[in-house]
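Protein chains in written order, with our numbering: chain V, 48 to 214; chain W, 27 to 262; chain H, 276 to 826; chain A, 44 to 225.
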């Protein structure tokens with residue numbers, strides 16, 4: 048297989064590529080496993096770059112344009128590397144009613160970012176979510192994997208400022 | 027082959043079993059506007075222009091995908107349907123940058139012709155004026171996203187007839203774009219065979235030949251190709 | 276594992292429970308975990324060991340206890356005594372609880388009154404295991420009577436008997452549209468030949484809804500059992516759970532549960548030594564609301580872009596890979612085991628004439644008791660909001676209740692006496708939806724709320740059909756103009772016309788219902804629109820009204 | 044004396060190429076025929092500076108590209124009974140609006156005049172020399188109510204003749220499938 052050709056520089060001597068191959072083998076290289084494999088690839092590499100998409104497409108026998116189409120259809124997949132820290136702002140209805148829009152714009156102003164963007168130094172990515180299902184605690188934000196409820200603009204800014212100061 | 031009888035706009039018409047309402051209408055010269063439909067390609071039911079009223083159902087049905095059923099009563103041109111179709115054409119005209127005056131497809135464009143036939147003289151919706159690119163990297167043809175209506179005829183002809191699957195859609199909703207390979211310049215596509223079928227099925231000026239003002243369209247060439255292939259006309 | 280072994284496991288587990296002096300359940304649903312529930316549970320575990328109580332005290336992580344706003348919640352059961360529920364617990368508090376157990380003294384503060392309407396007015400079927408069953412232990416589920424329904428089904432019922440029981444129960448799809456479940460099952464059963472599929476739609480996408488999440492996190496085996504019974508009824512051997520990628524905890528718990536069930540031969544080959552084989556695989560959604568639509572869901576499981584296709588053919592006839600496919604929602608499957616155990620007729624005694632059983636609602640927004648509740652169908656909306664939900668906080672006025680998410684509508688105060696069932700909600704321009712119930716007070720502007728939902732639909736439209744792709748963009752633009760105070764009567768007329776167009780001509784449910792929030796607010800809050808357009812005033816003071824033309 | 048009872052007609056040129064007016068001239072001898080039936084009170088063909096009061100019919104060519112276009116259009120609307128959007132720019136923005144996807148006028152101006160703002164007419168120190176461009180080009184209906192739409196780039200002379208004949212005769216205009224954008 049064109050493993051080396053497809054991922055010449057991006058796969059250093061780590062076993063991420065092996066894990067990706069193993070995942071594809073587990074799905075018997077079926078084309079319908081594309082989304083599952085993209086999940087795996089993103090978990091391993093943090094994002095999906097073109098070489099990776101090309102490689103997965105070739106292994107699963109899915110045309111490149113379809114791979115790209117699937118990778119850009121779903122919100123979860125990202126083709127750009129994320130920042131070191133991620134702040135997810137929930138924009139579900141319950142959170143919206145309790146004012147997450149204000150928190151979001153405060154974060155955008157403070158860090159000169161738009162939703163989906165990353166600070167130039169690669170420290171912080173600002174992401175929005177369509178309901179995290181923790182509506183009882185609205186407004187909800189996620190600071191790197193940790194869910195925080197009843198957040199205010201001040202507490203949110205305190206967290207992100209802290210990251211920016213000690214990257 | 028058994029024959030089905032149904033009523034279309036008050037007239038009894040006959041249809042081959044399994045025929046779509048659109049095929050029946052065309053056979054009997056009853057006009058139904060279409061955009062995503064192309065003779066010989068699979069149906070997607072996406073443009074919603076061919077919606078018709080079927081008695082007994084409160085849902086409008088896409089004529090291109092609804093099979094004729096014995097005893098069906100179909101209306102293809104009520105005032106409501108005409109109003110919906112006008113609105114859909116207006117929505118398309120407002121969606122991207124359709125500037126007929128400077129388009130290679132002026133007067134041969136299916137979208138423009140639909141607008142004329144429906145009496146759409148202006149668009150009531152806010153023009154979205156998105157900033158979209160053109161891809162002129164291919165030696166022979168150009169893709170202009172400004173004029174694309176996302177009918178996916180190019181995607182289907184490339185997949186179903188040519189078998190290359192160079193084209194597909196990326197993104198979603200209003201950000202949907204037709205792309206080649208991994209959103210790479212068309213001229214560098216590894217999968218494209220430069221057969222040009224996509225250009226020939228494009229209803230607007232989104233795909234066109236360099237150096238021409240209008241591309242020659244043949245609405246039947248795909249059917250012809252398919253027939254030739256299925257009946258092995260060339261290797262008898 | 277055969278039925279006798281299963282009985283032995285149940286017996287062993289029940290004995291262990293009866294021998295324990297106290298069972299301490301910590302809510303381990305996402306809500307309480309985000310307020311520190313995991314730390315509380317860890318502290319309990321440590322304290323049990325420190326106080327040498329390992330033999331007599333059991334600590335379990337359990338499904339959503341309901342009062343999410345007061346978490347982390349802790350429920351202490353001792354022998355036959357009334358359980359005690361503690362709110363807003365901390366690790367230090369956990370230590371105090373354990374320290375007090377030997378002397379039988381529990382802290383008096385932070386107790387929650389279990390006799391308040393929030394608890395007494397609920398009727399728990401789907402959520403009955405919360406506080407009793409540890410979400411990660413199949414033995415707990417078995418001890419509480421879990422998998423008895425599957426056992427009974429395989430031992431005593433023909434597939435058609437199962438379908439008949441479900442039809443008799445009057446259960447309707449809990450995903451939102453309310454299609455009769457029994458009818459769906461019988462269609463699939465009839466279409467079946469070889470290779471029928473079962474799908475559990477756990478792509479809970481409505482913003483403001485977290486019922487399915489709670490069920491999956493709290494009681495995953497209940498869903499697996501429901502699916503297995505359904506598979507038996509329609510003749511399927513393969514099932515998929517399509518679960519939101521945003522629910523990592525639910526995914527983990529489901530993986531654990533599937534593994535446990537396979538080990539006990541409750542899933543997999545020759546289940547309980549019968550001829551019945553059924554395997555369940557997870558498919559992780561990647562963030563697309565439209566995948567809640569059945570045909571888009573199918574495309575997504577097949578690894579494609581989640582774009583719907585016109586129906587017919589319906590998935591019941593031609594679904595996954597063209598095979599007959601039964602698709603039900605999490606809550607629907609969660610109702611199956613109780614229906615089989617107690618009979619469809621018994622289930623049908625609850626609820627209204629055409630909407631049977633209970634419904635789980637996620638209460639959120641401007642309401643005192645935000646959290647999860649399960650009530651009989653037909654309970655008046657006002658009772659859910661004011662008696663169970665505790666009303667509106669901060670002495671504000673109720674303005675509207677939003678049900679059905681972006682496909683639903685806003686219900687004004689005039690309809691608070693409305694009995695909540697499928698028909699009644701549809702009658703006033705909303706829908707039951709999957710169960711999100713968001714309460715708004717006078718600080719919410721209804722034009723802005725309509726704009727919010729339209730933005731959602733615009734961003735989640737798959738882009739396949741023109742009315743939805745371009746219509747939602749235009750409607751959003753018009754609503755934005757209104758919130759900026761630059762809209763005219765002509766814009767209002769265009770909005771109404773576009774709302775009709777998208778409803779009537781869109782390809783799938785997303786587009787067909789995208790205008791519902793607009794239509795229901797136009798219907799019930801027309802004055803607010805006029806205030807924005809004629810007087811350039813936002814009565815709630817939410818909208819910018821800066822007179823700038825939005826671009 | 045008879046001329047006073049004839050409809051008062053104006054033609055207006057906003058942000059457009061004047062192609063629609065050229066097409067109007069293509070009516071050739073039919074212009075004489077029309078002149079018998081109407082009274083032209085304002086037009087780029089005439090040396091009249093002020094848009095007059097009490098106009099019955101106005102054909103407005105071009106889109107609103109600068110602030111003066113906007114001012115004139117509002118004046119025309121306030122003084123005219125029947126306002127016709129004359130040609131694609133007036134109807135839909137057309138070529139004049141091709142700059143809209145680029146955001147604001149600066150990229151276009153910079154492309155034409157260079158990035159040195161002191162050389163760009165109507166900007167910075169040159170303000171007042173020419174009317175400033177509006178941020179976004181508007182078709183007529185975005186700013187005022189339009190009674191009829193006469194599309195085409197340009198509308199063919201025959202169609203212009205038909206439209207003027209109908210309106211001058213006081214009839215309601217119905218173009219149906221006779222007209223097309225482009």
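All C-beta atoms in this analysis are idealised placements derived from N, C-alpha and C, irrespective of residue type, glycine included. Model, not experiment: these values are computed from the prediction.
If we define contact as Cβ-Cβ less than 7 Å, is residue 157 of chain W a contact residue for chain A? yes
Below 8 Å, how does it come out for the region 197-215 of chain A and the region 177-185 of chain A: are there three or more Cβ pairs, yes or no? no
Within its chain, find whatever has a CB closer than 6 Å to the CB of residue 495 of chain H; leave out the 5 residues flanking it on each side and keep chain order. 528, 529, 532
Three-state secondary structure (DSSP) of residue 219 of chain W: coil
Can we say the region 104-114 of chain W touches the region 720-735 of chain H, given the rule of at least three CB pairs closer than 8 Å? no
Residue 156 of chain A - DSSP class collapsed to helix/strand/coil: helix
Would you check if there are 3 or more beta carbon pairs closer than 8 Å linking the region 303-323 of chain H to the region 332-350 of chain H? yes
Proximal residues to residue 209 of chain W (C-beta, below 7 Å), its chain only, five neighbours per side dropped: 196
Residue interval of the beta strand (DSSP E) (run including residue 189 of chain A): From DSSP, residue 189 of chain A is part of no beta strand (DSSP E); its letter is neither H nor E.
Residue range of the unbroken alpha helix (DSSP H) whose run includes residue 611 of chain H: 611-617
Count the other CB atoms within 10 Å of the CB of residue 297 of chain H; is the residue buried (16 or more) or exposed (fewer)? buried
Find out if the Cβ-Cβ distance for the pair residue 742 of chain H, residue 788 of chain H is shorter than 7 Å. no
Using the C-alpha atoms, what's the distance from residue 80 of chain V back to residue 713 of chain H? 37 Å
In chain order, which beta strand (DSSP E) runs of at least 3 residues are fully inside the region 41-96 of chain W? 77-80
Using DSSP's beta-bridge definition, name the partner residues of residue 649 of chain H. H:635
Suppose the cutoff is 6 Å on Cβ atoms and the five residues either side in sequence are ignored; what does the same chain contact list for residue 442 of chain H look like? 457
Let me check understanding here. Comparing Cα to Cα, which of H:778, H:755, H:773, H:784 lies closest to residue 811 of chain H? H:755
Within chain W, the residues that residue 208 of chain A reaches when beta carbons sit closer than 9 Å: Simply none; closest approach about 18 Å.
Using a cut-off of 7 Å between C-beta atoms, extract the partners of residue 154 of chain W located in chain H. 748
Rounded to whole angstroms, how far is the Cβ of residue 541 of chain H from the Cβ of residue 425 of chain H, which I believe are closer than 8 Å? 7 Å
Nearest chain V C-beta to residue 813 of chain H closer than 7 Å, yes or no? no
Are there 16 or more other CB atoms within 10 angstroms of the CB of residue 604 of chain H, so buried, or fewer, so exposed? buried
Examine chain W for any beta-carbon lying closer than 7 Å to the beta-carbon of residue 78 of chain V, and answer yes or no. no
Mapping DSSP to helix, strand and coil, what is residue 126 of chain W? helix
Since residue 309 of chain H meets chain V, which of its residues come closer than 8 Å, beta carbon to beta carbon? 181, 184, 187, 193, 194, 195, 196
Using a C-beta cutoff of 7 Å, does residue 205 of chain W count as contacting chain V? yes
Checking 7 Å against the spacing of the C-beta atoms, do residue 576 of chain H and residue 558 of chain H come in under that value? yes
Taking only beta-carbon atoms, is residue 343 of chain H less than 7 Å away from chain V? yes
Check each candidate in V:68, V:153, V:111 and name the one with the smallest Cα separation from residue 205 of chain V. V:153
For residue 766 of chain H, verify whether its CB is less than 6 Å away from any heavy atom of the ligand ZN. Among the ligands in the structure shown, none appear at all, so the ligand ZN cannot be discussed.
Beta-carbon proximity list for residue 513 of chain H, same chain, < 6 Å, skipping 5 on both sides: 472, 554
Span of the alpha helix (DSSP H) around residue 106 of chain V: 97-107
Residue ranges of each alpha helix (DSSP H) run of no fewer than 4 residues wholly in the region 451-489 of chain H, ordered along the chain? 456-466
Tell me which same chain residues have a C-beta within less than 7 Å of the C-beta of residue 58 of chain V, skipping the five on either side of it? Any reading at residue 58 of chain V is ruled out, since the residue's pLDDT is 46, under 50, leaving its predicted position unreliable.
Are the CB atoms of residue 174 of chain V and residue 188 of chain V within a distance shorter than 7 Å? no
Enclosing alpha helix (DSSP H) for residue 232 of chain H [first to last residue]: This structure cannot speak to residue 232 of chain H, because chain H is shown only from 276 to 826.
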